[in-house]
Every structure is written in structure tokens, then in C-alpha cells.
Amino acid sequence: MSANCLLDIENLQVSFFTPAGEVKAVSGVSYTLNHGEVLGIVGESGSGKSVSAYTLMGLIANPGKIVGGTVDFNGHQVHKMTEKEFRKMRGSEVSIIFQDPMTSLNPVFTIGSQLMEMLRLHTNKNKEERKARAIELLRLVGMNEPEKRLKQYPHEFSGGMRQRVMIAMALACEPKLLIADEPTTALDVTIQAQILELMVELKKKINMSIIMITHDLGVVSDVCDRIAVMYAGKIVEIGSTDDIFYNPKHCYTEGLLRSIPKLHEKGHERLVPIEGVPVDLLSPPAGCPFAPRCDKCMKICLRQMPEYTEISPGHKSACWQLQKEQFENAEGGNKE
Amino acid sequence: MIKYVIKRVGYALLTIFLISIITFTLMNMIPGGPFLSEKAVSPETTQALKVKYGLDKPLPEQYITFMKNFIHGDLGLSIKQKGRTANDIIFSTFPVSARLAGMSVLLALVLGVTMGSVAALNRGKWVDSLLMVISTLGIAVPSFVVASFLLITFGVNLHLLPTLGLKTPLHYIMPVAALSFYPTAYITRLMRSSMLDALNQDYIRTAKAKGVNKFVMLFKHAMRNAIIPVITYVGPLLAYTMTGSFVVEKIFTIPGLGREFINCITGRDYPMVMSTTIFLAVLLVFMNVVVDICYKLVDPRIKLK
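From first to last, the protein sequence lines are chains A and B.
The opening residue of the first sequence carries number -1 in our numbering; numbering runs sequentially from there.
The opening residue of the second sequence carries number 133 in our numbering; numbering runs sequentially from there.
Quick look at the structure:
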């Protein structure tokens, strides 16, 4: 783990033990995150993108359990932590913003009391100082009349304002890492842009890292340094934002990119959807989970999970097509 | 707020007026009358009694007379309890019932809310199952069974508790236990389901993500949201219990309002029937207003209109 590395997840496996059997929500995910870096995790519903991030806050709900792997975060061995240790870390070192700001704030407490609760839990500030800090935080997230806002209740705020409150609350103790779980999905488009801009701006101010979980590729392209593409509990491709957008190597990433509408192209081309449905995680296939939906599927894809192929430093993808290309490149001259 | 109060008072008066008319009509439709008895009474005597209590006049006039006096705070003379006014009877028996009811409802509230929360927090475990069995029992078993059971066990067989009246604090134990058995069970179930609902909300996840401990999460963040259905139930419950539980008062020989309420109906004590019914109605209407105000205190989203 290098000095600049904040988070190192190694072969993380998380399963939910349901009455129907073990659901392998995350099976062997590894990634690292540096200080001040923004990592986007994209994937469709049920791909394990949220679960992998929730794990490092100890927020996976019963019957979910870490069944293997290690999570190193800011000097903590997260996979071994107790609930008490998690409580200390939550909010102070790692914070989270949830998808739906309409329901994420407690309706019966004022904005001020919810903000100040965070400060009371993790700082030694007295009541006056907490209030001053709360006002400062609301100003920081761009709210007018912060003194008045403190006394208001969530139902008096719009969705965008509530998400700003959530951000203010998450940043109250200047955490090292912010997990943003689809922070803009529930907001309308103009507000989305404002919220993203705000997050990036605040990130610079307090030098934190962000994990941006989303299924919206437009969001990640704007703000992320690196992107991990997840499918069926595995990272199928990871690389810099440019790598993923301009040089995608995994068939699933290509499929995802094809399904984004392109405004600059002429005519009204139909979007190309990815055919089929995601695999059932109760009985994951032996091979590549995307194989049944892949139009370049080979025999081996169905039988064995491919290893990662490094395309360029930091850009890795797990696809048999890449292995095949490599093999052909190496053998290429000899055959003819 | 002022508009709200005026509106509520208006509705309350209308409700009470309608209840008084319905009660008066039903009461006079029941066969029999206050002066029927096993002994033969001469028609002249009956007529004289009717004149004395104003029952010889046409019904609408009787109603108007009663309401006129009622507005002036005079509930009339009891026909059956010679020499006592209805005011006198209600205001001497009501405090007894109210004290008993207050204690029972408070006990039910504390026990029910605690047990419901504990059950919700331990959902599916043996504690939850045990509490649910007890509360199902509490709802299924009627109060006269509970009261008789307590009386026989602790009063008669074990000689631990006094069985008659309400002279010492010890006297209160059994009646309060009997009265609070059903509401405790009901509140436990109510609290459990609304607590489970609250614990599944996103804001609880937010609280957890802030590093709040389990206790604060449950009793601060979830409780305030989960308690609303309980408030709805407790308001009217308090009014009903305050006007007395006939069964429990009868079994423990407590001079409460509940006993008077039933006795006056069986005795066709017309002024008493009207008085006690209207008294209950006023109390219920008042408790509903209190409940509405409590809502507002607990949940800021609620607007009193």
C-alpha cells in the first residue's frame, strides 16, 4: 500500500444468505483509491456496485456478510472491524450520500439538529461552535439564509436542497472519503449538474476522495478520474475515464457506451440496447457472467472466468477476447 | 391557529348536539320506564312521579328543558338515587374512574411502547415471539376473565392483595393491571409494526451512516416517527377508560362512573343516561383535539387546519 493510497480493496467477496440460498452480490472485487481521487463505479442494478461500497462503512444489512478478501482503509482493517469501531469511523473518516434525498433525512427533526448531531458525535465542539459550524456548512453547500434554514424541517426543502443538506452533513467532519450512491438519480437534470459541480468543488477544498456509484455514464464522465465497470458482482473493466470512454476493451463496457444517446451525431439512430437480462446471482455461471449476453461469446467464455489483461498501466479488463488477441499477437508471426 | 380552534369547537358542539338527540331518542324508544317495579304502583302515584320529574310533558319539550338546564350546568335530578343530582353523581364518581384510568393508560403506554420496540428490534428472535404470544393473549382474553383471574389468584387464594374498593395504594394494583392488560397488548402490537416500518426507512440508514449508536437510533430517530399511530389510539382510549370500565369496577367493587353508567341505563334513569352519555361525548371530543395537538408536536409536517 503506497503512501498516497487511501483505500485498498483486495478480492472482496460479499454474500447475502437468503432463505433461497447464498447470493454472491460481490465476488472478488479489487480496486485501490488514492487521496483526492474520484473513482466512478458503474453498472446496472444488482451488479454489486453499492454493496461493495457499503461494505467499507459496515452498512451491509443482515443477512449480508463479508465472506472473503481484505479492505484496507486509512489504516483500518475494515473487514475485521466491530460495530463499535465502525460507528467511530462512520461520519468522521468516511461519509455517504444516498440516492433519494426526499427520504434520507428524518422528517421530524430540524435540518440544524440533524447537521449538529453529526458534529456532536465526532467533534468536541460545544453547542455554540456546533451551530456556527452548521451555518458555515450550509453556506458552503450554497444555501442562502443558513441561520433560518437551521430551524426548518426537511419537508420545507426541495429535493436539490435536501441533497445539499446531505452533502453538508456528510462533509461536516471533513472525511477522507465520500461515498456517493447515485447522488443525482432522484434529481432533475439541471439540479444534477449543480450537485455534481458542488461535490467536485468541495472535494478540492478538503482534499477528500470520492467513490461515485452510478448507472449514469454522463455523470462519471464529468467528474471521475477513473472508472470501474461492474457486472454481476465483478469488476469487468477498470481504467482512467479516457480509457473507458475512448478505448473500451470489455464487451460489456462497449455495450454500455453504445446505449448512450449521442447528440453530436446526425440523424435519429436507434439506441443499441444490450440484449438479455443479468445473470441470477443465486447460481452464477462458471464462466464470464456476461457471456450469455455477449455477441462475441466463445466456447471458453461459458466455461471459465477470464483473468485480467492489462491493456496499459492502470487499464485492466477481464475478457477472453483480449486474451485471444494477445495470444494471436504473440503467435501471429510464427504461424504464417 | 385561531381559525383552527374556532373550527374545532364548532365541530365539537355539533357532535355533542347530535349525540344528545340520538341518545334522547334511543333512550325513549327502549321499552319500560323509571317507575316500573315489581310492586304494584297505582297509576296515580306513577302520574304524580312523572309530573315531578317532568316526564308527563311531550318529548320535544322534555328534550328542550333538559338541554336548557344542561347549558346552565344543571344536569337534573337522578330518578333512582333519591335526593342526588346527576352533577353530584358524575363529579363524585368520575375522579375515581379517572385516577384508575390515568394509571392504567400510563402503564399500558410505558409497557406497550417498550415491549413493542424491543420486539421490533429483535424481530424473528425468541423475544419477539414471546412478546407477540403475550400480546395476542392480551387482545384475545376479555377483561372480566383477567379481572376474575387476578381476583381469585392474588386476592382469594394467595391473600396477597386486597379485593374491595380503593382505600390504599395496594388496592390499585389489581384493577390497574386488569384495565391495562388489553391496551398494553394493543399498543405493543401497534408499536412493533410502526417501529419496524420506521426502522426500514432511509433516514435510519442515514443515522447509522452518521455513526449513531443503536440506542439513539431507536429511541430518537425511529421512535418519534413510530409513535404517531400510538398517539391516535391512546387519546380515545384514555377517554373511554376514564368514563370507567363497568366490568372491572363491578368486579373490584369500585365506586366509579362506569358502574353508574350501566346502572342508570338498566334503571331507565333518564337524566343520568343523558348526562353520562354527553359527558363521555365531551370527553372524547376533547381528547381528539388533544391528540391532534400532540400530532403537531411530534410531527412538524402536520398542519392544523
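Cβ coordinates follow ideal geometry from the N, Cα and C atoms, glycine included.
Bear in mind the structure is a predicted one, so any value in this text is a computation, not a measurement.
Roughly how many angstroms lie between the CA atoms of A/E334 and A/N245, to the nearest whole one? Locating residue 334 of chain A in the first sequence gives position 336, counting from the first residue. Locating residue 245 of chain A in the first sequence gives position 247, counting from the first residue. Confidence at A/E334 is low in this model, with a pLDDT of 44, below 50, so the placement of that residue is unreliable and no value is reported for it.
The beta strand (DSSP E) spanning A/M116 covers which residue range? For the purposes of this step, residue 116 of chain A is taken as residue 118 along the first sequence, with counting starting at 1. From DSSP, A/M116 is part of no beta strand (DSSP E) but of the alpha helix (DSSP H) over I109 to H120.
If we count the other Cβ atoms within 10 Å of its Cβ and call it buried at 16 or more, is B/K257 buried or exposed? Translated into positions along the second sequence, residue 257 of chain B becomes position 125. Burial call: exposed.
Would A/V106 count as contacting chain B if we go by Cβ distances under 8 Å? Looking up residue 106 of chain A in the first sequence gives position 108. Chain B contact via Cβ: present.
Stretch-stretch touch, CB-based, cutoff 8 Å, three pairs: the segment 370 to 378 of chain B with the segment 221 to 235 of chain B: yes
What's the call for A/D392, buried or exposed, on a 16-neighbour Cβ count within 10 Å? For residue 392 of chain A there is no data in the structure shown, the boundaries of chain A being -1 and 334.
A/K104 burial status per 10 Å Cβ neighbour count (16 or more: buried): Here residue 104 of chain A refers to the residue found at position 106 when the first sequence is read from its first residue. Here residue 104 of chain A is Asn; the residue named in the question, Lys, does not match the sequence. Looking at its Cβ environment, which holds 16 or more other Cβ atoms inside 10 Å, A/N104 is buried.
Is the shortest distance between the beta-carbon of B/T364 and the beta-carbons of chain A less than 8 Å? For the purposes of this step, residue 364 of chain B is identified with residue 232 of the second sequence, where counting begins at 1. Taking Cβ atoms only, chain A never reaches closer than 8 Å to B/T364, which makes this a no.
Give the DSSP-derived three-state secondary structure of A/E308 in the structure shown. By one-based count along the first sequence, residue 308 of chain A stands at place 310. Of the three classes helix, strand and coil, the one that applies to A/E308 here is strand, per DSSP.
From the DSSP output, in three-state form, read off B/G244 for me. Mapped onto the second sequence, residue 244 of chain B falls at position 112. The answer is helix: DSSP assigns B/G244 an H, G or I state.
In the DSSP assignment, what are the bridge partners of A/I94? Residue mapping note: residue 94 of chain A aligns to position 96 of the first sequence, counting from 1. Per DSSP, A/I177.
If you compare alpha carbons, which of B/T147, B/K352, B/K299 and B/I211 is closest to B/S249? Taking the first residue of the second sequence as 1, we reach residue 249 of chain B at position 117. Cα-wise, what sits closest to B/S249 is B/K352.
Listing by chain order, which chain B residues have their CB less than 9 Å from the CB of A/M206? The residue labelled residue 206 of chain A in the question sits at position 208 within the first sequence. Residues of chain B passing the Cβ test: none, with the nearest at roughly 16 Å.
Would you tell me roughly how many angstroms separate the C-alpha atoms of A/S111 and A/S102, rounded to the nearest one? Counting from 1 along the first sequence, the entry for residue 111 of chain A is found at position 113. Counting from 1 along the first sequence, the entry for residue 102 of chain A is found at position 104. For A/S111 and A/S102, the distance between alpha carbons rounds to 15 Å.
Where A/Q75 sits in the DSSP three-state scheme: Indexing the first sequence from 1 puts residue 75 of chain A at position 77. If DSSP states are grouped into helix, strand and coil, A/Q75 belongs with the strands.
Flag this pair as yes or no: are the beta carbons of A/V36 and A/D223 separated by less than 8 Å? In the first sequence, residue 36 of chain A corresponds to position 38, counting from 1. In the first sequence, residue 223 of chain A corresponds to position 225, counting from 1. Their beta carbons are under 8 Å apart, which means A/V36 touches A/D223 by this criterion.
Measure the CB-CB distance between A/R88 and B/A341 and report whether it falls below 8 Å. Here residue 88 of chain A is taken as the residue at index 90 of the first sequence, counted from 1. Here residue 341 of chain B is taken as the residue at index 209 of the second sequence, counted from 1. Against a cut-off of 8 Å, the Cβ pair of B/A341 and A/R88 comes out as a contact.
Ignoring anything shorter than 4 residues or poking outside the segment 375 to 401 of chain B, list the alpha helix (DSSP H) runs there in chain order. 378 to 383 and 389 to 398
Determine whether the Cβ of B/P432 lies closer than 8 Å to any Cβ atom of chain A. Working through the second sequence from its first residue, we reach residue 432 of chain B at position 300. Judged by the 8 Å Cβ criterion, B/P432 is in contact with chain A.
Neighbourhood of A/M116 by C-beta distance below 7 Å, restricted to the same chain and skipping five residues each side: Counting from 1 along the first sequence, the entry for residue 116 of chain A is found at position 118. So the list reads G89, M167, A170 and C171, once near-sequence residues are dropped.
Nearest-angstrom Cβ-Cβ length linking A/V21 and A/L279, presumed shorter than 8 Å: Within the first sequence, residue 21 of chain A is the residue found at index 23, counting from 1. Within the first sequence, residue 279 of chain A is the residue found at index 281, counting from 1. Confirmed, Cβ separation roughly 5 Å.
Is A/C3 helix, strand or coil when you go by DSSP? Counted from its first residue, the first sequence places residue 3 of chain A at position 5. Three-state DSSP puts A/C3 in a strand.
My output table needs one value for B/H303: the three-state DSSP class, helix, strand or coil. Taking the second sequence and counting its residues from 1, the one referred to as residue 303 of chain B is at position 171. B/H303: helix per DSSP, three-state reduction.
Pair within 8 Å by beta-carbon distance, A/T212 and A/L148: Your numbering for residue 212 of chain A matches position 214 in the first sequence. Your numbering for residue 148 of chain A matches position 150 in the first sequence. Not a contact, by the Cβ cut-off of 8 Å.
What's the C-alpha gap between A/N32 and A/K232? On the first sequence, position 34 is the one that residue 32 of chain A refers to. On the first sequence, position 234 is the one that residue 232 of chain A refers to. In a straight line, the C-alpha of A/N32 is about 21 Å away from that of A/K232.
Please check if any C-beta of chain B sits within less than 8 Å of the C-beta of A/R131. Start at 1 with the first residue of the first sequence, and residue 131 of chain A comes out as number 133. No, A/R131 does not count as interfacial toward chain B.
Identify the continuous alpha helix (DSSP H) that holds A/S219 and give its terminal residues. Taking the first residue of the first sequence as 1, we reach residue 219 of chain A at position 221. Unbroken alpha helix (DSSP H) run through A/S219: L215 to V221.
Is it the case that the segment 175 to 184 of chain A contacts the segment 9 to 16 of chain A, given that we only count it when at least three CB pairs across the two stretches are under 8 Å? no
Report the three-state DSSP secondary structure of A/H153 (helix, strand or coil). To locate residue 153 of chain A, count along the first sequence from 1; it is residue 155. Helix, per DSSP.
Secondary structure at A/M228, three-state DSSP: helix, strand or coil? Taking the first sequence and counting its residues from 1, one reaches residue 228 of chain A at position 230. If DSSP states are grouped into helix, strand and coil, A/M228 belongs with the strands.
B/Y314 beta carbon less than 8 Å from that of B/S275: Reading the second sequence from its first residue, position 143 is the one you call residue 275 of chain B. Reading the second sequence from its first residue, position 182 is the one you call residue 314 of chain B. Yes. Within cutoff.
Within the same chain, show all residues whose beta-carbon is closer than 7 Å to that of B/T178, passing over the 5 residues directly before and after it, in chain order. By 1-based counting over the second sequence, the position of residue 178 of chain B is 46. Closer than 7 Å at the Cβ level, and outside the excluded window around B/T178, lie F167.
So that I know if they touch, is there some Cβ in chain A lying closer than 8 Å to that of B/N420? Residue numbering aside, residue 420 of chain B sits at position 288 when the second sequence is read from its first letter. No - not a single Cβ of chain A is within 8 Å of the one on B/N420.
Contacting residues, own chain, Cβ-Cβ under 7 Å from A/Y52 (five flanking each side not counted): Residue mapping note: residue 52 of chain A aligns to position 54 of the first sequence, counting from 1. Within the same chain, A/Y52 has close Cβ partners I58.
Minimum Cβ-Cβ distance from A/D241 to chain B less than 8 Å: Taking the first sequence and counting its residues from 1, the one referred to as residue 241 of chain A is at position 243. Chain B, which has no Cβ nearer than 8 Å to the Cβ of A/D241, makes this no.
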